[in-house]
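Visitor:
2 protein chains.
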Amino acid sequence: MIGGDAAGMSAASQARRLKGPDELEIVAFERGHFTSYSACGIPYWVGGEVSERDELIARTPEEHRSRGIDLRLRTEVVEIDVDGARVRARDVDSGAESWTSYDKLVIATGARPIRPDMPGVDAPGVHGVQTLDDGQELLDTLTRARGRRAVVVGAGYIGVEMAEALINRGYEVTVVNRGAEPMSTLDPDMGRLVHQAMEGMGITMVNDAEVTKILTGDDGQVRAVATDDAEYPADVVVLGIGVRPETTLAKAAGLPLGEYGGLLTDLAMRVRGHENIWAGGDCVEVLDLVAGRERHVALGTHANKHGQVIGTNAGGGYATFPGVVGTAVSKVCDLEIARTGLREKDARRAGLRFETVTIESTSRAGYYPGASPMTVKMLAERRTGRLLGVQIVGREGAGKRVDIAAVALTAGMTVEQMTALDLGYAPPFSPVWDPVLVAARKAAAAVRNKTP
Amino acid sequence: MIGGDAAGMSAASQARRLKGPDELEIVAFERGHFTSYSACGIPYWVGGEVSERDELIARTPEEHRSRGIDLRLRTEVVEIDVDGARVRARDVDSGAESWTSYDKLVIATGARPIRPDMPGVDAPGVHGVQTLDDGQELLDTLTRARGRRAVVVGAGYIGVEMAEALINRGYEVTVVNRGAEPMSTLDPDMGRLVHQAMEGMGITMVNDAEVTKILTGDDGQVRAVATDDAEYPADVVVLGIGVRPETTLAKAAGLPLGEYGGLLTDLAMRVRGHENIWAGGDCVEVLDLVAGRERHVALGTHANKHGQVIGTNAGGGYATFPGVVGTAVSKVCDLEIARTGLREKDARRAGLRFETVTIESTSRAGYYPGASPMTVKMLAERRTGRLLGVQIVGREGAGKRVDIAAVALTAGMTVEQMTALDLGYAPPFSPVWDPVLVAARKAAAAVRNKTP
Chain A
1 MIGGDAAGMS AASQARRLKG PDELEIVAFE RGHFTSYSAC GIPYWVGGEV
51 SERDELIART PEEHRSRGID LRLRTEVVEI DVDGARVRAR DVDSGAESWT
101 SYDKLVIATG ARPIRPDMPG VDAPGVHGVQ TLDDGQELLD TLTRARGRRA
151 VVVGAGYIGV EMAEALINRG YEVTVVNRGA EPMSTLDPDM GRLVHQAMEG
201 MGITMVNDAE VTKILTGDDG QVRAVATDDA EYPADVVVLG IGVRPETTLA
251 KAAGLPLGEY GGLLTDLAMR VRGHENIWAG GDCVEVLDLV AGRERHVALG
301 THANKHGQVI GTNAGGGYAT FPGVVGTAVS KVCDLEIART GLREKDARRA
351 GLRFETVTIE STSRAGYYPG ASPMTVKMLA ERRTGRLLGV QIVGREGAGK
401 RVDIAAVALT AGMTVEQMTA LDLGYAPPFS PVWDPVLVAA RKAAAAVRNK
451 TP
Chain B
1 MIGGDAAGMS AASQARRLKG PDELEIVAFE RGHFTSYSAC GIPYWVGGEV
51 SERDELIART PEEHRSRGID LRLRTEVVEI DVDGARVRAR DVDSGAESWT
101 SYDKLVIATG ARPIRPDMPG VDAPGVHGVQ TLDDGQELLD TLTRARGRRA
151 VVVGAGYIGV EMAEALINRG YEVTVVNRGA EPMSTLDPDM GRLVHQAMEG
201 MGITMVNDAE VTKILTGDDG QVRAVATDDA EYPADVVVLG IGVRPETTLA
251 KAAGLPLGEY GGLLTDLAMR VRGHENIWAG GDCVEVLDLV AGRERHVALG
301 THANKHGQVI GTNAGGGYAT FPGVVGTAVS KVCDLEIART GLREKDARRA
351 GLRFETVTIE STSRAGYYPG ASPMTVKMLA ERRTGRLLGV QIVGREGAGK
401 RVDIAAVALT AGMTVEQMTA LDLGYAPPFS PVWDPVLVAA RKAAAAVRNK
451 TP
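Just so you know, the sequences run in chain order A and B. Residue 1 is where the first sequence starts when you use the numbering used here, and the numbers rise one by one after that. Residue 1 is where the second sequence starts when you use the numbering used here, and the numbers rise one by one after that.
So, in structure tokens, the structure goes:
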């Protein structure tokens, strides 16, 4: 196993369940200090909602070792020799190197944050939030920082989660975003709702702005973020621009990479063309079942599923990962943001013609206390009426409603079929027509009206 | 239209959308004072969470009339003359009767609460909660009642919702239940969790107890509820035993009724064998798509869908209601209770062989604040692995998770397919394996282990 986080260690654990130590020797290389931790939890640790770093660790190195996994921490694999079926590993501290041969190899090298190549990006006070070490360094900066001004670069899900974390730490937060609206995983009309809500929370949102450099003071510390047009004073800067598959090793070894730089696998998570090499987690591309092509989706939930599938197959069983429909949920303060399937531009890129509807409804029966507004956008294919995608922005109860659409997408349902879905109804949970059903009704009408 | 609540008035409104008053004359008979109200909201009005009765009214008589619907309140249809294509209606106040002929008839007579035939059941202080008038009478009793002891008879969803309402009004609440555990729409092992949680809220839960009579004091007011074994002092009694289809008229007219006394329709909601008569809402039986047979399910969400389908068809369009999978959610204080598909006994009655698993998980990532425990039970068919049913008991975030299973049931998914579902994941919304996925994994393993 190359990589000791979600995908790698899930694979190791599952393989160990199927094959005992006398049948299968498992060696796992991890260049960091930690295993099996929730990178997705880092914003909540930074924000103070999670008090201890160790709460984010699902399974410690000791626990893995007690299950008969030969876990080598602070040990970085620096070369994969596919023909020789061996990997070269380096002890991070001593620099000592050695070769280890394998019968089966699992690549779970994860992703690396996009770090723009610009002046000042390495200055003290500028932080990524990919690893637990990153999170600790950011927390140390927050403890020391003299002022309370934070700039978040990027307004994707990491960006908005970090904006919330910094608000919770009492910072004045400015989010500088290259796109027209935050959350580019949504269409801009839905991103606009996020924008408005973030401003309502006191977050300053700067769109259409490319950060060109990071300015430092006489002490070398960050003091501002600059775009072509303006400077945004900052005592701390968080980079939340996104991630790319970490496939340097795989590329050097000649393994097949896709359009986004991720490893390409078959449905059993085997690297294409390699019977005894698997790959999973943030370093692979996954099949988007709606668009019919590969995408890169870095999410812990996929990494865990990949690990499960790889471990089962490497342990002599059979399992597959059929692909994703592109579901994601995130939250900034009490705003919930969810999406699944295709945005308008994805649908166009896939060559689809479609109808789009947007509706407003509420999370509960309108008369029930706590009912909050919710906007649901739905895309359906013209003629067939097949559901293509759903985006939801609202408050409590908005986010996980996207699961209804995620299952419907997986099943290939039409929006007309969705209008008859027997969803849970009671006044504290939903209006009598669930917001997703309201959207489905409107989408079905739009499809019918366009069908001669 | 016979009946002016959800199904009838939805049908009227939808038909009016498709056909103007010059093309279609719509007459609606309603024996009560109100139209289009949320009977499901009554417990929250009684409990004080909804402050005004009128908040429960989705559309007033005046609104319906302004759309060109000839709405006749306090007018009860007392006979359907199918051969003569006419109905006889009686003015409730004056007793005057007249015949009205129809080209198309919609029967939406709703359900009537089961009112056990026992001594004292009509005493002052004993209340049903089916109509807005019932709710008002109960509220009047609560205002006048000298003591603060309430007994709820029945522990189905109306019973538990009324228990919460009475707790909210400051009552000491005892629920007397004929079954082994509350919520007989769940298997008893899941009902037991509801039982424990209700006791934790200070509700006294008496199971396996048949109420034999209601005792009154010298003033004629209710004073206790009696079973064979015991007496439970009561200043107010709420009957929440359930409902039966109100099909007295339909039966007298010779229309086809099913095993539960509900009207039988085709998929377009036409009464079987009658081209120009439709029926919907609580007075019909619906096809249970999982069990493959009719059931009676009194729920506003179905009634609204039926009305929509009937109005479309009666208005010259085409729509169908394919059936239900048996989804229901309810809540008692902060406990959320959900179910969809078949219980163990339903599956046995349907002739199915199945595997059952139960798992414990949490509503959010374990480390995220507010993560609460959740129990998920899942049934899957032996050999095929097809999902048969899901029951969930937990706190915030438990109830609407059942929608995942409701869509999967509709799509005929196997539990193995469900393990790969791309559900929304982020720490505030779900553990990295959603509880429904954890259950699906365990169910898939159970099916595999039983498949030679």
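For every residue, glycine included, the Cβ atom is placed at its ideal position computed from N, Cα and C.
1) Could you have a look at serine 361 of chain A and say whether DSSP puts it in helix, strand or coil?
2) With a cut-off of 8 Å, do at least 3 Cβ pairs link the stretch 351–364 of chain B to the stretch 376–383 of chain B?
3) For threonine 166 of chain A, report the span of its alpha helix (DSSP H) as first-last.
4) Cutting at 7 Å between CB atoms, please list the residues of its own chain near valine 325 of chain A, excluding the five before and the five after it.
5) Taking the CB atoms as reference points, tell me whether alanine 165 of chain A and alanine 7 of chain A lie closer together than 7 Å.
6) Given that phenylalanine 34 of chain A touches chain B, what residues does it touch there, using C-beta distances under 8 Å?
7) Quick one: what does DSSP say methionine 454 of chain A is sitting in, helix, strand or coil?
8) Tell me which residue opens and which closes the alpha helix (DSSP H) that tryptophan 45 of chain B is part of.
9) Going along the chain, which residues of the stretch 23–48 of chain A sit with their C-beta nearer than 7 Å to a C-beta in chain B?
10) Beta carbons nearer than 9 Å to chain A: which residues of the stretch 310–329 of chain B have them?
11) Once the 5 residues before and after leucine 139 of chain B are set aside, which same chain residues still bring their CB inside 8 Å of it?
12) For methionine 413 of chain B, return the contacting residues in chain A, with the cut-off set at a CB-CB distance below 9 Å.
13) Starting from glycine 394 of chain A, trace the beta strand (DSSP E) in both directions and tell me its first and last residue.
14) For my contact list, methionine 205 of chain B and proline 182 of chain B are in at a C-beta cut-off of 8 Å; report their separation, rounded to the angstrom.
15) Can you tell me which of the three DSSP states proline 274 of chain B falls into?
16) Express the C-alpha separation of alanine 319 of chain B and aspartate 122 of chain B in angstroms, rounding to a whole number.
17) Listed in chain order, which residues of the stretch 51–78 of chain A have Cβ atoms closer than 7 Å to some Cβ of chain B?
18) Let me confirm a value: glutamine 130 of chain B is counted as buried when at least 16 other C-beta atoms fall within 10 Å, else exposed. Which label applies?
19) Going along chain A, which residues have a C-beta under 9 Å from threonine 131 of chain B?
20) Along the chain, where does the beta strand (DSSP E) containing glycine 125 of chain B start, and where does it finish?
21) When you compare the CB of glycine 300 of chain A with every CB in chain B, is at least one pair closer than 7 Å?
22) Listed in chain order, which residues of the stretch 357–383 of chain A have Cβ atoms closer than 7 Å to some Cβ of chain B?
23) What residue does the alpha helix (DSSP H) around leucine 142 of chain A start on, and which one ends it?
24) Just how far apart, CA to CA, sit valine 92 of chain B and glycine 3 of chain B?
25) Under a three-way DSSP split, which group does methionine 418 of chain A fall into?
26) Quick one: which chain B residues come within Cβ less than 8 Å of valine 332 of chain A?
27) Give the straight-line distance between the Cα atoms of glycine 120 of chain B and threonine 216 of chain B, rounded to the nearest whole angstrom.
28) Taking all protein chains shown into account, do 16 or more other C-beta atoms lie within 10 angstroms of the C-beta of lysine 305 of chain B, making it buried, or fewer, making it exposed?
29) Just tell me which of B/Glu231, B/Gly41, B/Arg112 has its CA closest to the CA of alanine 150 of chain B.
30) For the beta strand (DSSP E) containing methionine 378 of chain B, list its first residue and its last residue.
31) Does valine 402 of chain A have its Cβ less than 7 Å from a Cβ in chain B?
32) Exposed or buried, glycine 323 of chain A, counting other C-beta atoms within 10 Å across all chains shown (16 or more means buried)?
33) Which full runs of the beta strand (DSSP E) of 3+ residues lie inside the stretch 200–252 of chain A, going along the chain?
34) Classify serine 66 of chain A as helix, strand or coil using the three-state DSSP reduction.
35) Using DSSP's beta-bridge definition, name the partner residues of isoleucine 57 of chain A.
36) Residues of chain B with CB under 7 Å from lysine 305 of chain A, in chain order?
Guide: Reading it off the structure:
1) strand
2) yes
3) First, the residue type needs correcting, since residue 166 of chain A is leucine and not threonine in the sequence shown. Taken as a continuous stretch (DSSP letters only), the alpha helix (DSSP H) holding leucine 166 of chain A covers 157–168.
4) Leu289, Val290, Thr340, Gly341, Ala406, Leu409, Thr410
5) no
6) None at all; the shortest Cβ gap to chain B is about 14 Å.
7) A question about residue 454 of chain A goes unanswered here, because the residues of chain A that appear run from 1 up to 452.
8) 42–46
9) Ser38, Cys40, Gly41, Tyr44
10) Ala319, Thr320, Phe321, Pro322, Gly323, Val324, Val325, Gly326, Thr327, Ala328, Val329
11) Trp45, Val46
12) Val407, Thr410, Ala411
13) 387–394
14) 6 Å
15) Residue identity check: residue 274 of chain B is histidine in the sequence provided, not proline. Three-state result, histidine 274 of chain B: coil.
16) 43 Å
17) Glu55, Leu56
18) buried
19) By Cβ distance, chain A contributes nothing, its closest Cβ being about 16 Å from threonine 131 of chain B, past 9 Å.
20) No beta strand (DSSP E) contains glycine 125 of chain B, which DSSP labels as neither H nor E.
21) yes
22) Ala365, Tyr367, Tyr368, Pro369
23) 132–144
24) 14 Å
25) helix
26) Result: empty, since nearest Cβ-Cβ is about 10 Å, beyond 8 Å.
27) 7 Å
28) buried
29) B/Glu231
30) 373–381
31) yes
32) buried
33) 204–206, 211–216, 222–227, 231–233, 236–239, 243–245
34) helix
35) A/Tyr37
36) Ala420
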